[in-house]
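Participant:
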Amino acid sequence: MSNIFEAFEKIAEQKIREAMENGEFDDLPGKGKPLEIEDDRHLPVDIRLAHKILKNADCLPPELEIRKEILTIEEMLDGEKDAKAKYRQIKKLNYLVMKLNMSRPTSLSLEKNQVYYDKVVDKMGKKETPD
């Protein structure tokens with residue numbers, strides 16, 4: 004039985020060498036870059052394949068889509084100068100945070116905190132009320 008495996012191993016090595024000599028590996032994507040090896044040990048075994056398929060199709064689970072949108076709004080808030088525009092973004096951010104927190108059963112200690120207008124206004128040094 005080991006002779007069969009050795010024969011297949013030799014054939015495979017020969018085919019790989021021939022392909023390398025013919026330059027068939029020269030234009031592969033990611034050439035010269037380190038491999039991106041993902042650690043999916045935190046996922047249950049029965050859903051790993053589904054997550055991999057979704058990721059390869061460039062689809063995110065709804066929870067991750069919401070988290071991505073939250074991060075985008077948080078980045079926008081950092082650069083926003085107008086108090087009214089900031090207030091509107093904070094309302095949207097709080098809605099998304101609430102939606103994220105309600106989308107999964109978790110401990111309250113793991114929930115994402117909402118952003119409050121008064122705290123933002125105090126940091127900005129202005130005390131205006133939104134319309």
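Count along the sequence shown starting at 1, add 3, and that's the number in the numbering used here.
Cβ atoms here follow ideal geometry from the backbone N, Cα and C, with glycine treated the same way.
Note that the coordinates shown come from a computational prediction; the quantities given were computed from them, not determined experimentally.
Could you give the DSSP three-state label for E39: helix, strand or coil?
Facilitator: Here E39 sits in coil by DSSP.
Participant: Buried or exposed, going by whether 16 or more other CB atoms sit within 10 Å of the CB of V48?
Facilitator: V48 should be labelled exposed.
Participant: Is the separation between the beta-carbon of L31 and that of I73 shorter than 8 Å?
Facilitator: Not closer than 8 Å, so no.
Participant: Look at the alpha carbon of A60 and the alpha carbon of H54, and state the distance between them as a whole number of angstroms.
Facilitator: Taking the straight line from one Cα to the other gives about 10 Å.
Participant: Along the chain, where does the alpha helix (DSSP H) that runs through F11 open and close?
Facilitator: Element bounds for F11: S5 to E24.
Participant: Where K71 and K95 are concerned, what is the direct C-alpha to C-alpha distance, given to the nearest angstrom?
Facilitator: Computed Cα separation, rounded: 13 Å.
Participant: By the DSSP assignment, the alpha helix (DSSP H) with D49 in it spans what residues?
Facilitator: Segment V48 to N59, the alpha helix (DSSP H) holding D49.
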